[in-house]
Amino acid sequence: MTKPLTILGIETSCDETAAAVVRGNPPGPGEILSNIVASQIAEHRPYGGVVPEIAARAHVEILDGIVGRALADAHTTLEDLDAIAVTAGPGLIGGVAVGLSLAKGLALATGKPLVALNHLEGHALTVRLTHGVAFPYLLLLVSGGHCQLLIAEGVGRFTRIGTTIDDAAGEAFDKTAKLLGLGFPGGPAVERAAAQGNAKRHRFPRPLVTSEGFDFSFSGLKTAVRRAAETSGDLSPAAVADIAAGFQAAAIDVLVSRASKAMEHFARIHPEGHRLVVAGGVAANKSLNVSLAAAAKHNEFDLFVPAPSLCTDNAAMIAWAGLEHFAEGKSDGLEAAPRARWPLDVSRRNVAGAKA
Ligand code: KG4
Ligand code: ZN
Numbered sequence: 008m009t010k011p012l013t014i015l016g017i018e019t020s021c022d023e024t025a026a027a028v029v030r031g032n033p034p035g036p037g038e039i040l041s042n043i044v045a046s047q048i049a050e051h052r053p054y055g056g057v058v059p060e061i062a063a064r065a066h067v068e069i070l071d072g073i074v075g076r077a078l079a080d081a082h083t084t085l086e087d088l089d090a091i092a093v094t095a096g097p098g099l100i101g102g103v104a105v106g107l108s109l110a111k112g113l114a115l116a117t118g119k120p121l122v123a124l125n126h127l128e129g130h131a132l133t134v135r136l137t138h139g140v141a142f143p144y145l146l147l148l149v150s151g152g153h154c155q156l157l158i159a160e161g162v163g164r165f166t167r168i169g170t171t172i173d174d175a176a177g178e179a180f181d182k183t184a185k186l187l188g189l190g191f192p193g194g195p196a197v198e199r200a201a202a203q204g205n206a207k208r209h210r211f212p213r214p215l216v217t218s219e220g221f222d223f224s225f226s227g228l229k230t231a232v233r234r235a236a237e238t239s240g241d242l243s244p245a246a247v248a249d250i251a252a253g254f255q256a257a258a259i260d261v262l263v264s265r266a267s268k269a270m271e272h273f274a275r276i277h278p279e280g281h282r283l284v285v286a287g288g289v290a291a292n293k294s295l296n297v298s299l300a301a302a303a304k305h306n307e308f309d310l311f312v313p314a315p316s317l318c319t320d321n322a323a324m325i326a327w328a329g330l331e332h333f334a335e336g337k338s339d340g341l342e343a344a345p346r347a348r349w350p351l352d353v354s355r356r357n358v359a360g361a362k363a
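FYI, the numbering for the sequence shown is 8 to 363, going by this note's numbering.
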């Protein structure tokens, strides 16, 4: 049995300042020794969305303390670590730079290796941390900035088969919430309102569901929701709940129908591994999970979903992704640069200074 690796993870790509320590070996499951997530929701709420400058400043103010707490909670010191893993993109560049700079400082001061990671790979590998899911698997990645179907065949080996041609899934939830006056962050607010509403009152469009390929679209749905809100007059709580329920049902139909088609495709390429994984903030949505479970059963796939707190942004997923790369002998030089854009199907070996 190989000695387990102990990795510190740092995540600052959006509005969560997060640090965590995980321990284990691929393929997992691993042990989360600590997982600290400080949300900036209160700072951004007055603006109805994440303000990049406010996010970067908030990360600067608290990140040292969050890392200190993650180490203390894990009863670990910097000395005990095998490597320091950090999100290097994609995300809000100011925030990414804050996390990456601190990680480089820690690596330089301690002589520990640095692993600079793609945030999306953190989401993509979380099910290995939680359930030890083997490759290959079909991955539905649904977050605030992304909506993709990918085939995961190994660490750093992802093939994208579908993506959104307009809004991301989480973005659609957030815009609907704003339109309905449900506040920020939108996803959980829409889910709560939808639970009180009648999903059949409005029949919103399901863009692209019958089209070729595996791409998604949410903009037609967004327009229909706006029109319904405008024609509903006073937008009473009951009217809001019905629109939220109608929107959520349509968004879930779009996601599940594309995932179902992708399962058929995946089963043809990989007859041996019928696994569907859903990851990213929207994966925390319970109705989505119920519908995906039914579709997975129909296609004879096993469905894996991380716990809600590991679907939304956190640093345990970054520590774990770092652990997987480090276990394969990969690390990065101090010249690793923050990246605002970074598709998951471009290997992290393209990072400046990547070793191996
Ligand atoms: O993965 P994540 O925490 O951050 C990004 O990397 O983008 O995802 C955040 C997104 C937001 O758009 C949020 O509204 C959405 O995930 N979200 C949800 C739920 N919880 C978070 N969407 C639908 N239902 C939820 N319960
Ligand atoms: Zn994320």
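All C-beta atoms in this analysis are idealised placements derived from N, C-alpha and C, irrespective of residue type, glycine included.
Model, not experiment: these values are computed from the prediction.
Taking the alpha-carbon of Leu-317 as reference, which of Ser-226, His-126, Asp-173, Ala-176 has the nearest alpha-carbon? His-126
Next on the checklist: Using the three-state DSSP reduction, which class does Val-263 fall into: helix, strand or coil?
Outcome noted: helix
Scan the segment 122 to 179 and note each continuous alpha helix (DSSP H) run of 4 residues or more that stays entirely inside, going in chain order. 126 to 138
| message | Using 8 Å as the threshold, is the C-beta distance between Ala-26 and Val-74 below it? | response | yes
- prompt: Quick one: Cα of Ala-368 to Cα of Ala-196, how far?
  reply: No answer is possible for residue 368: the residues shown for the chain start at 8 and end at 363.
**Item:** From Lys-304, Leu-295, Gly-101, Ala-291, residue whose alpha carbon lies closest to that of Arg-282
**Value:** Lys-304
If you pair each beta-carbon of the segment 294 to 314 with each one of the segment 209 to 225, do three or more pairs fall below 8 Å? no
- request: Pull up the CB-CB distance for Gly-102 and Thr-19, whole angstroms please, since I reckon it's below 8 Å.
  value: 5 Å
- For Gly-16: DSSP bridge partner residues: Ala-27, Ala-92
Ala-248 and Ala-175 look like a contact to me (Cβ under 8 Å); what is the Cβ gap, rounded to whole Å? So it is not a contact: roughly 24 Å between Cβ atoms.
key: Terminal residues of the alpha helix (DSSP H) in which Asp-309 lies   = Note, Asp-309: premise wrong, no alpha helix (DSSP H); beta strand (DSSP E) at 309 to 311.
Q) Hey, is Thr-319 close to ligand 1, as in C-beta under 7 Å from one of its heavy atoms? A) yes
- Return the first residue and the last residue of the beta strand (DSSP E) that Arg-282 is part of. 282 to 286
Within 8 Å, strictly: CB atoms of Val-105 and Asp-339: no
Fill in: Under 8 Å between C-beta atoms of Asp-22 and Ala-63
no
Buried versus exposed, by CB contacts within 10 Å (16 or more), Pro-53
exposed
Next on the checklist: On a Cα-Cα basis, can you pick out the residue from Met-324, Leu-70, Val-162 that is closest to Thr-137?
Outcome noted: Met-324
Quiz item: How would you write the range of the beta strand (DSSP E) that Glu-219 sits in, first residue to last?
Solution: Glu-219 -> no beta strand (DSSP E), and no H or E assigned at all.
Check your understanding: Between Pro-59 and ligand 1, is the CB less than 7 Å from at least one heavy atom?
Key -> no
Legend entry - 6 Å CB neighbourhood of Leu-157 in its chain, flanking five on each side removed: Leu-146, Phe-165, Arg-167
Buried or exposed, going by whether 16 or more other CB atoms sit within 10 Å of the CB of Ile-17? buried
message = On the CB-based measure, 16 or more other CB atoms within 10 Å of its CB, does Glu-335 come out buried or exposed?
response = exposed
Quiz item: If you run the structure through DSSP and keep just helix, strand and coil, what is Ser-239?
Solution: coil
Shortest alpha-carbon distance to Ile-39 belongs to which of Ala-206, Leu-15, Thr-171? Leu-15
Notebook entry, point to check: So what does Phe-223 bridge to, in DSSP terms?
Noted result: Thr-171
Note to self: For Val-140, which residues in the same chain have their Cβ closer than 7 Å to its Cβ, ignoring the five residues on either side in sequence?
What the structure shows: Val-134, Arg-282, Val-284, Phe-311
What residue from Glu-68, Val-28, Ala-116 has the CA that sits closest to Gln-47's CA? Glu-68
Is it buried or exposed for Val-232, if we count other Cβ within 10 angstroms and need 16 for buried? buried
Fill in: Residues near His-130 in its chain [Cβ-Cβ closer than 7 Å; skip 5 each side]
Leu-148, Ser-150, Ala-286, Gly-287, Met-324
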